[in-house]
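Q: Just so you know, the sequences run in chain order A and B. If you're matching positions, the first sequence starts at 1397 in our numbering and goes up one per residue. If you're matching positions, the second sequence starts at 1397 in our numbering and goes up one per residue. For glycine and all other residues, C-beta sits at the position ideal for the given N, C-alpha and C.
2 protein chains.
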Amino acid sequence: MSLPHALLTSLAERPCSGLELAGRFDRSIGFFWQATHQQIYRELARLEEAGWVRSTAVEASRGRKRNYELLPAGRKELKRWVVAGDDPKPLRDELMVRLRAEAAIGPLGLQKEMRRRLALHEEKLATYQAIEAKDFADPDASREDRLRHLVLRAGLMQEAMWIELAREAIAILES
Amino acid sequence: MSLPHALLTSLAERPCSGLELAGRFDRSIGFFWQATHQQIYRELARLEEAGWVRSTAVEASRGRKRNYELLPAGRKELKRWVVAGDDPKPLRDELMVRLRAEAAIGPLGLQKEMRRRLALHEEKLATYQAIEAKDFADPDASREDRLRHLVLRAGLMQEAMWIELAREAIAILES
DNA sequence: CGGGGCATGTAACCTGTTACATGATTAG
DNA sequence: CTAATCATGTAACAGGTTACATGCCCCG
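1. Starting from V1493/A, follow the alpha helix (DSSP H) in both directions and report where the run begins and ends.
2. In chain order, what residues of the same chain lie with their CB nearer than 7 Å to the CB of E1498/B, ignoring the 5 residues before and after it?
3. So, with DSSP's three-state summary, where would you put R1410/A?
4. Of all the options E1555/A, K1472/A and E1473/A, which has the alpha carbon lying nearest to the alpha carbon of L1516/A?
5. Can you tell me which of the three DSSP states V1449/B falls into?
6. So with CB distances below 7 Å, who are the chain B contacts of G1551/A?
7. The beta strand (DSSP E) spanning E1465/A covers which residue range?
8. Can you tell me where the alpha helix (DSSP H) holding W1429/A begins and where it ends?
9. Going straight from the alpha carbon of T1405/B to that of W1558/B, what length do you get?
10. Taking the alpha carbon of W1477/A as the reference point, which residue from P1400/A, R1513/A and A1567/A has its own alpha carbon closest?
11. List the residues of chain B whose Cβ lies closer than 7 Å to the Cβ of T1405/A, in chain order.
12. First and last residue of the alpha helix (DSSP H) that includes M1557/B?
13. Between the C-alpha atoms of L1543/B and R1512/B, what's the straight-line distance to the nearest angstrom?
14. Using the C-alpha atoms, what's the distance from A1550/B back to L1561/A?
In structure tokens form, the structure reads like this:
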């Protein structure tokens, strides 16, 4: 149940409208948490109901832009949640199921799909590296920037891991 | 939508009952795909409906053990799915949201939770390494075993990545 | 004044989660 | 014969996904 807190975080960074939030979930936040605009509108309504955010109140507001901002109660809830313990969700990946099936009933020609995946991950890694070079070059960055950099590095490491795995998989599948 | 195919894969490895499948999803398969027995029973009913698996047919079978086995149509479906293209699901992790929130409204004392996570991942890594040493020591393993080994290595690399990230996070949070 | 893009919203559905219910089998 | 355990199942709900609907606003 992180979506509400991802929204609170984003609103803490800067107040904005629902659609603008959706945009952020396609970019920066979306690197580690995704949400569609439908989900966001549903959740924003709940957050307002709970008194955690406030919007420029307009009745019958379909089509009208609404700006949301974080309220003190929302900030308090976010602070509570950040330091709350929570067990990590284990790895859950379809590709592992495919490899296991290939082992059980193969060979089926999984190399082709693995090569496609390899290319995708290499492309994404390049994208992340470009962002890193552009936004996080400063070696004496602030604590805030170093934390944001770390989040990006998580994405980088993830992609590097997939690339390594895809290469090993291809080597086995082709032997 | 991988659960049905994870079940087909498991049944391809060996026919068995629903509860036994649930057991496997707590062990080997569960390292990369999880499911509760409720989910498994629901899905098995669908797979049988679709003609992909067959069970020892007993009417009004509550409480009676049912053994399931893969049918040719199920095997065909599994083969189709294994090589079907599918975009990787991006990283989705609550901890990244927490780090971003810590950057936005911190410091909040996230170190404590990070240290707990670090210990959890170190423990899991040790578990995986023990399995690796026990089951995958042979350097001249079969193609099948090398694929299974690769799946385990994915888990190992994942845990190693989290350990590295947790350490870097703690260093930043404590500076 | 009409069409396209911006912005919000509804509805239906699927997967996964949690809590609980019930029947069969076996050990003592 | 009864308690524990094996085994299957029902119900309700929450979160995520997809398709679609509606209203506002500005530009030509």
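A: For this structure:
1. Here residue 1493/A is taken as the residue at index 97 of the first sequence, counted from 1. From DSSP, the alpha helix (DSSP H) with V1493/A extends over E1490 to I1501.
2. Position 102 of the second sequence, counted from the start, is the residue given in the question as residue 1498/B. Its chain contains L1504 and L1506 as the residues whose beta carbon lies nearer than 7 Å to that of E1498/B, once the 5 sequence neighbours on both sides are disregarded; these appear in chain order.
3. Counted from its first residue, the first sequence places residue 1410/A at position 14. Residue state, collapsed to three classes: coil.
4. Reading the first sequence from its first residue, position 120 is the one you call residue 1516/A. When only C-alpha atoms are compared, the closest one is E1555/A.
5. Taking the second sequence and counting its residues from 1, the one referred to as residue 1449/B is at position 53. Three-state DSSP puts V1449/B in a strand.
6. Indexing the first sequence from 1 puts residue 1551/A at position 155. Taking a Cβ-Cβ threshold of 7 Å, the residues of chain B close to G1551/A are L1487, in chain order.
7. Here residue 1465/A is taken as the residue at index 69 of the first sequence, counted from 1. Following the DSSP letters along the chain, one finds E1465/A inside the beta strand (DSSP E) bounded by residues N1463 to L1466.
8. Position 33 of the first sequence, counting from 1, holds the residue named residue 1429/A. Unbroken run through W1429/A: none, as it is neither H nor E.
9. Position 9 of the second sequence, counted from the first residue, corresponds to residue 1405/B. Position 162 of the second sequence, counted from the first residue, corresponds to residue 1558/B. The alpha-carbon atoms of T1405/B and W1558/B are separated by roughly 29 Å.
10. As a first step, residue 1477/A must be located in the first sequence, where it is residue number 81. Ranking the options by Cα distance to W1477/A, first place goes to P1400/A.
11. Within the first sequence, the letter at position 9 stands for residue 1405/A. At a beta-carbon threshold of 7 Å, the residues of chain B lying near T1405/A are V1493, R1496, A1497 and A1500, ordered along the chain.
12. Translated into positions along the second sequence, residue 1557/B becomes position 161. For M1557/B, the enclosing alpha helix (DSSP H) starts and ends at R1539 to E1570.
13. Mapped onto the second sequence, residue 1543/B falls at position 147. Mapped onto the second sequence, residue 1512/B falls at position 116. Approximately 32 Å, taken between the alpha carbons.
14. On the first sequence, residue 1561/A is found 165 positions in, with the first residue counted as 1. On the second sequence, residue 1550/B is found 154 positions in, with the first residue counted as 1. When only Cα atoms are considered, L1561/A and A1550/B end up about 7 Å apart.
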